[in-house]
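Residue numbers (this note's numbering), protein chains in the order written: chain A, 1 to 310; chain G, 1 to 133.
As structure tokens, the structure follows; a few thoughts come after it.
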């Protein structure tokens with residue numbers, strides 16, 4: 001498939017072209033800049049990007065699969081970027097989120113892409129933003145980004161998505177754990193999944209109090225939703241909540257602000273990513289590694305002609 | 001391994017014995033592959049559609065039910081229908097020796113039967129991926 005065919009195919013919603021385009025960008029192939037330059041800004045502007053994050057086992061994939069069902073009922077073409085961790089040892093990855101979404105495999109208006117973090121921390125992979133924009137170019141009106149199962153500090157999703165849902169479930173930690181979890185300070189929606197399990201009511205109350213405190217401190221509504229994803233309960237209401245929050249963010253101008261911030265962050269991330277191989281080359285050539293690593297790093301940057309701060 | 005290879009491991013048909021598929025998936029992961037696992041009881045069309053969306057470099061199929069003569073070629077056909085006949089298909093499972101040539105004639109690149117080592121299987125996937133690029 002040549003590059004012109006791929007670019008035309010993405011807009012024509014050809015699954016093969018969409019898949020190829022994302023791979024070329026993810027692998028930093030020479031064709032990547034041409035593909036990225038072909039994406040129309042208007043397409044991503046009209047697309048709602050929702051982050052689904054939360055602890056491992058909280059039910060992110062099951063909830064995502066149910067959200068697909070809900071959006072398809074509404075006739076919405078939807079994209080999913082499902083991120084799983086790369087092994088730090090082999091660099092390989094087992095991408096298993098798709099197992100729960102296979103019910104939609106033959107629906108051409110459900111575009112699913114599994115991606116590995118490839119060494120990146122923060123819960124999302126470096127090419128997720130580009131994958132979202134390619135999906136938007138192919139007509140997706142909503143894109144869900146499902147992060148890796150996160151702990152307490154993986155925040156990348158919050159600055160990448162228009163709004164972020166943090167999925168919690170009873171039995172995964174007490175309220176002190178919740179207080180530590182930084183995501184609770186920034187997520188727009190706190191979803192208590194497995195709401196039929198013992199302890200769910202208490203968790204809902206805890207999270208309502210977290211939401212209330214945040215509302216007082218930050219002056220912004222934080223929603224709490226309860227779901228039983230395995231049975232689809234609460235999912236329609238959750239999709240309505242997404243829409244409502246998106247409306248508020250748009251009206252207040254915050255959506256535009258968030259997008260601008262997200263773009264800035266992504267540019268910085270890419271700049272660092274693109275210069276990394278050159279730095280690695282310098283380090284590989286260095287024989288003498290005595291001295292403080294920070295000072296060595298400054299020295300290398302100086303040799304490369306990059307002025308470091310401080 | 002500098003280049004990241006993406007492969008799909010699928011189980012077409014109705015057999016639910018996925019230990020073998022999982023062992024292969026794990027071995028590939030441990031050798032640096034990105035492995036998309038699609039779970040048990042999928043149709044050939046579903047597996048092919050997933051392979052296309054995920055833009056994998058190779059597809060691995062596992063069958064322990066005896067239905068391989070029908071299911072493996074069906075995946076090859078579905079891939080071709082989707083304009084993805086360049087994605088190689090490798091198969092494994094309980095497969096009688098006489099069936100191997102039939103499957104290969106139908107477009108399955110290679111077949112592994114009980115006794116094959118993980119190294120052999122991983123190498124076969126690596127070769128399939130390298131040749132496609």
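Ideal Cβ positions, reconstructed from N, Cα and C, are used throughout, including at glycine.
Judged by beta-carbon spacing, residue 12 of chain G lies beyond the 8 Å limit of residue 69 of chain G, meaning their Cβ atoms are not closer than that value. The Cβ neighbour count for residue 304 of chain A, taken over all protein chains shown within 10 Å, is under 16; the residue is labelled exposed. Along the segment 19 to 40 of chain G, the positions whose C-beta sits under 8 Å from a C-beta of chain A are 25, 26, 28, 29, 30, 31, 32, 33, 34, 35, 36, 37, 38 and 39, read in chain order.
With its beta carbon less than 8 Å from one in chain G, residue 116 of chain A belongs to the interface. Look at the segment 51 to 64 of chain G: the residues with a C-beta under 7 Å from a C-beta of chain A are 52, 53, 54 and 55. The C-beta distance from residue 191 of chain A to residue 48 of chain A rounds to 17 Å, too long to meet the 8 Å contact threshold. When the beta-carbon positions are compared, residue 132 of chain A and residue 76 of chain A stay at least 8 Å from each other. Put simply, the CB of residue 124 of chain G is far from chain A, with every gap to its CB atoms at 8 Å or more.
For residue 46 of chain G, the nearest beta carbon of chain A is closer than 8 Å to its own beta carbon. At a cut-off of 8 Å between beta carbons, residue 74 of chain G makes no contact with chain A.
Under the three-pair Cβ rule at 8 Å, the segment 105 to 119 of chain A counts as touching the segment 88 to 96 of chain A. Membership of residue 7 of chain G in the beta strand (DSSP E) is indicated by the continuous run 6 to 10. Here residue 126 of chain G is buried. Its C-beta has 16 or more other C-beta atoms within 10 Å. Minimum Cα-Cα distance from residue 67 of chain A among the listed residues A:46, A:145 and A:16 corresponds to A:145. Any Cβ of chain A closer than 8 Å to the Cβ of residue 83 of chain G would place that residue at the interface, and such an atom is present. Its chain contains 97, 114 and 146 as the residues whose beta carbon lies nearer than 6 Å to that of residue 82 of chain A, once the 5 sequence neighbours on both sides are disregarded; these appear in chain order. Exposure of residue 117 of chain G is indicated by the presence of fewer than 16 other C-beta atoms within 10 angstroms of its C-beta. Under DSSP, residue 92 of chain G takes part in a beta bridge, and its partners are G:62 and G:112.
Think of a sphere of 7 Å around the beta carbon of residue 11 of chain G: no beta carbon from chain A falls inside it, the nearest being about 11 Å out.
For residue 171 of chain A, no beta strand (DSSP E) run applies, since DSSP gives it neither H nor E. Contact of residue 87 of chain A with chain G by beta-carbon distance below 7 Å involves 29. Taking the CA atoms as reference points, residue 105 of chain G sits about 27 Å from residue 22 of chain G. Under DSSP, residue 37 of chain G takes part in a beta bridge, and its partners are G:9.
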